[in-house]
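K.L.:
Okay, handing you the structure first.
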Amino acid sequence: MGCLLLLLLLLVSTVDGGANASCLSSQASILLRIKEDLHLSNGRLSSWGRNEPDCCSWEGVECDFHTGYIIGLELPGKAIIDSAYAMGNEKWKRDIAGSRILPALFYLHLLHHLDLSGCDFNMSTIPSQFAQLTHLNLSNAWFLGKVPDEISSLSNLVALDLSYTIGLLKIQDLEGFVKNFKQLKYLHLDNVIFNLSNSQEWGAKLASALPNLRSLSLAFCDLGGNLTHIFKLPHLQALDLSNNNFHGELMPLFFSPKSNIYK
């Protein structure tokens, strides 16, 4: 009996010990390639590749501890207060910058979370190779041009933030762009330019496509039209439609955000 108990304990120990896999060397190599191609200041990413061999413990890196593959990168940029920049300058120097999103990033095939908000990508275009993402935040990262149609194919997206690019980003067809986002809960597209197939009824199509939406922010988007359907979203908790072209009373009497808190 004692031997059997000891054997069981050893088996449990073996299973538990294998549960937390360390970072794979191939994944660490990809991160170091990304770091080499970025312009970094203020010691950002200094933990990458120094005395810590396990890249799962590096700044901003999240791993699947069962496999060692990287599933998340949280690398928000921060403004550098530089006396050479006037207080009124719209584009502060950032501590993470690059001429574009780096191709090596797309070798992280199991990446689910990506946050590059506040970085400076020097008015490059958003690439189209994103896959499997559930959370994507490229807000205030100085991208330019048309948002690629491939992003609208990310059917597992839960959160998408492309806001505050100072009117530099454009979505060709808003209704078509969101049609696959059935899981989406957070959509922030402030300052993005839209082409609307129907400038009056876009709200109905948006509400129909996004039944699980909790937070919607479309400030400074030059929108107008009928918003009745937006307020009928059952889980909506936060809404920002400021600085658009709506007229009259926007919020109907039946809308009560407190009653829409998702529990």
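Read left to right, the sequence shown gives residues -17 to -1, 1 to 246 (mature numbering (1 follows the signal peptide of the UniProt record, and there is no 0)). Beta carbons are placed, not taken as given, at the ideal position from N, Cα and C, and that holds for glycine. Because the structure is a prediction, the values reported are computed rather than measured.
Please work out which residues of its chain come closer than 6 Å, Cβ to Cβ, to ASP223, disregarding the five sequence neighbours upstream and downstream, and give them in chain order.
P.N.:
Here the set comprises SER200, ALA202.
K.L.:
Quick check on this structure: which residue in LEU88, THR117, GLY81 has the alpha carbon closest to the alpha carbon of HIS22?
P.N.:
GLY81
K.L.:
I'd like the list of long-range same chain contacts for TYR169, defined as Cβ closer than 6 Å, with 5 residues on each side in sequence excluded.
P.N.:
ALA142, SER198
K.L.:
In chain order, which beta strand (DSSP E) runs of at least 3 residues are fully inside the region 55 to 112?
P.N.:
96 to 98
K.L.:
Quickly, what does DSSP pair LEU199 with across the bridge? List them, please.
P.N.:
LEU170, LEU222
K.L.:
Check the DSSP bridge columns for GLU45 and list the partner residues they point to.
P.N.:
GLY55
K.L.:
State buried or exposed for ASP132, treating a residue as buried only when at least 16 other CB atoms are found within 10 Å of its CB.
P.N.:
exposed
K.L.:
Who are the Cβ neighbours of LYS61 in its own chain at under 6 Å, not counting the five residues just before and after it?
P.N.:
ASP78
K.L.:
Could you pull the start and end residues of the alpha helix (DSSP H) that ALA187 belongs to?
P.N.:
185 to 192
K.L.:
In the DSSP output, what is HIS118 paired with across the bridge?
P.N.:
HIS96, ALA142
K.L.:
Could you have a look at PRO165 and say whether DSSP puts it in helix, strand or coil?
P.N.:
It is worth fixing the name first, because residue 165 is Lys in this sequence and not Pro. Reduced to three states, the DSSP call for LYS165 is coil.
K.L.:
Tell me whether GLN10 is buried or exposed, calling it buried when 16 or more other Cβ atoms sit within 10 Å of its Cβ.
P.N.:
buried
K.L.:
At a cut of 8 Å, does the region 26 to 35 reach the region 88 to 95 through at least three beta carbon pairs?
P.N.:
No, because fewer than three Cβ pairs between the region 26 to 35 and the region 88 to 95 fall closer than 8 Å, the two stretches do not touch.
K.L.:
Mind checking whether ASN120 and GLY150 have CB atoms under 8 Å apart?
P.N.:
The criterion of a C-beta distance shorter than 8 Å is not satisfied by ASN120 and GLY150.
K.L.:
From the DSSP output, which residues share a beta bridge with GLY128?
P.N.:
LEU152
K.L.:
Using the rule of at least 16 other Cβ atoms within 10 Å of the residue's Cβ for burial, across every protein chain shown, is SER135 buried or exposed?
P.N.:
buried
K.L.:
Classify LEU137 as helix, strand or coil using the three-state DSSP reduction.
P.N.:
coil
K.L.:
Could you check what DSSP says for PHE214 in three-state terms: helix, strand or coil?
P.N.:
Residue state for PHE214 is assigned as helix, using DSSP reduced to three classes.
K.L.:
Which term fits THR50, buried or exposed, when burial requires 16 or more other beta carbons within 10 angstroms of its beta carbon?
P.N.:
exposed
K.L.:
Which residues in the same chain have their Cβ closer than 7 Å to the Cβ of ILE13, if we skip the five residues on either side of it in sequence?
P.N.:
ALA87, TYR90, LEU91
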